[in-house]
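K.L.:
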Amino acid sequence: GQDSEPGSAREVLVAFEGCVTEQRDVLLGPYLRGWRGLIRFLNSLGAIFSFVSKDALAKIQIMERYCSGARRDEYRTLQSMVRYEVAHGLVDTQRRAEHPDSGCRTVLRLHRALRWLQLFLEGLRTSREDSKTSAICTDSYNASLARYHPWVIRKVATAAFCALPSRNAFLETMNVGGPDEAVAMLAEALPHICSVYGITEELYAQHELLDLP
Ligand SMILES: CCCCCCCC/C=C\CCCCCCCC(=O)N[C@@H](COP(=O)(O)O)[C@H](O)/C=C/CCCCCCCCCCCCC
Numbered sequence: 001g002q003d004s005e006p007g008s009a010r011e012v013l014v015a016f017e018g019c020v021t022e023q024r025d026v027l028l029g030p031y032l033r034g035w036r037g038l039i040r041f042l043n044s045l046g047a048i049f050s051f052v053s054k055d056a057l058a059k060i061q062i063m064e065r066y067c068s069g070a071r072r073d074e075y076r077t078l079q080s081m082v083r084y085e086v087a088h089g090l091v092d093t094q095r096r097a098e099h100p101d102s103g104c105r106t107v108l109r110l111h112r113a114l115r116w117l118q119l120f121l122e123g124l125r126t127s128r129e130d131s132k133t134s135a136i137c138t139d140s141y142n143a144s145l146a147r148y149h150p151w152v153i154r155k156v157a158t159a160a161f162c163a164l165p166s167r168n169a170f171l172e173t174m175n176v177g178g179p180d181e182a183v184a185m186l187a188e189a190l191p192h193i194c195s196v197y198g199i200t201e202e203l204y205a206q207h208e209l210l211d212l213p
């Protein structure tokens, strides 16, 4: 329709496929569209997750402003963004001060969350039919994002996970057919998410940006 955001889970996840160019650059436009789709999906799970979607949305909006701003050419890919911000001293590396909302630190938060997504979707895909979505979500959160969050957020997040529907009901909400179709779609989509994650991780490691405040 009028809305340019992706609809079903397949479209959302496929957006991540379109992020990676032949030169293994990560295009920020499709990356942010993928994120917008994820947030839309998250919102459909209920208001209980709005504290999560608000934070993610704020970060996406910061990035969208860079991508449509005066310096938009520098923000075409993750690689050009890192090059530009680092070369011009636009990244706070010790504490947030002059550049509290650099593209580098903002994407880093999304990047860490992408690791959670990867583990969560892989967990869903490989879990038994009677598994609990909340347990899969808690395990993937504890193995990834949790270490970057203070105690209060960890508590609130794990409490909210309990509201997640059963595994099969969750797979149904993805709107790609029954649980089996959803599992097949995840198997197809996950390598693309892994590749975006891996390229970003390597880029950030090379520039020593993995601990930005
Ligand atoms: C279509 C396929 C289905 C997949 C369904 C999943 C949909 C997920 C959508 C979004 C994922 C969550 C994005 C979370 C971003 C968090 C960024 C972050 O870590 N922010 C913290 C640090 O930021 P700064 O303070 O340094 O600026 C911030 O403090 C945190 C705030 C809020 C809480 C984050 C809790 C994260 C829980 C992640 C799992 C969410 C929901 C699961 C539902 C299946």
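The opening residue of the sequence shown carries number 1 in full-length UniProt numbering; numbering runs sequentially from there. Glycine is no exception: its CB is placed at the ideal position from the N, C-alpha and C atoms. Just so you know, these numbers come straight off a predicted model, no measurement behind them.
I'd like to check one pair, LEU27 with ARG76: are the Cβ atoms closer than 8 Å?
P.N.:
The answer is yes: Cβ separation under 8 Å.
K.L.:
From ALA205 to SER127, what distance separates their C-alpha atoms?
P.N.:
So the two alpha carbons sit approximately 32 Å from each other.
K.L.:
At a cut-off of 7 Å, would you count LEU109 as near ligand 1, judging by its Cβ distance to the nearest heavy atom?
P.N.:
In the sequence as displayed, the identity of residue 109 is Arg instead of Leu. Answer for ARG109: yes, Cβ within range of ligand 1.
K.L.:
Taking the beta carbon of GLY37 as the centre, do at least 16 other beta carbons fall within 10 Å, making it buried, or is it exposed?
P.N.:
GLY37 is buried by the Cβ-count criterion.
K.L.:
Please classify CYS137 as buried or exposed, where buried requires at least 16 neighbouring CB atoms within 10 angstroms.
P.N.:
Result: buried.
K.L.:
By a C-beta neighbour count over all protein chains shown, 10 Å radius and 16 as the cutoff for buried, is LYS54 buried or exposed?
P.N.:
Flag for LYS54 reads exposed.
K.L.:
Looking at LEU110: is its Cβ nearer than 8 Å to the Cβ of LYS155?
P.N.:
The answer is no: Cβ separation not under 8 Å.
K.L.:
Where does THR133 fall in DSSP's three states?
P.N.:
If DSSP states are grouped into helix, strand and coil, THR133 belongs with the helices.
K.L.:
Following the continuous alpha helix (DSSP H) through CYS104, name the residue where it begins and the one where it ends.
P.N.:
Looking at the DSSP string, the run of the alpha helix (DSSP H) that includes CYS104 is 103 to 126.
K.L.:
Just to confirm, are ALA15 and GLY46 a CB contact at a threshold of 8 Å?
P.N.:
For ALA15 and GLY46, no; Cβs fall outside 8 Å.
K.L.:
Please determine if the segment 143 to 152 and the segment 116 to 124 are in contact, where contact requires at least 3 C-beta pairs separated by less than 8 Å.
P.N.:
Yes, they touch.
K.L.:
Considering only residues of the same chain and omitting the five flanking positions on each side of GLU17, which have a CB-CB separation below 6 Å?
P.N.:
Once the five neighbours on either side are set aside, the close Cβ partners of GLU17 are HIS192.
K.L.:
Do HIS99 and VAL107 count as a contact pair if the criterion is CB distance below 8 Å?
P.N.:
No.
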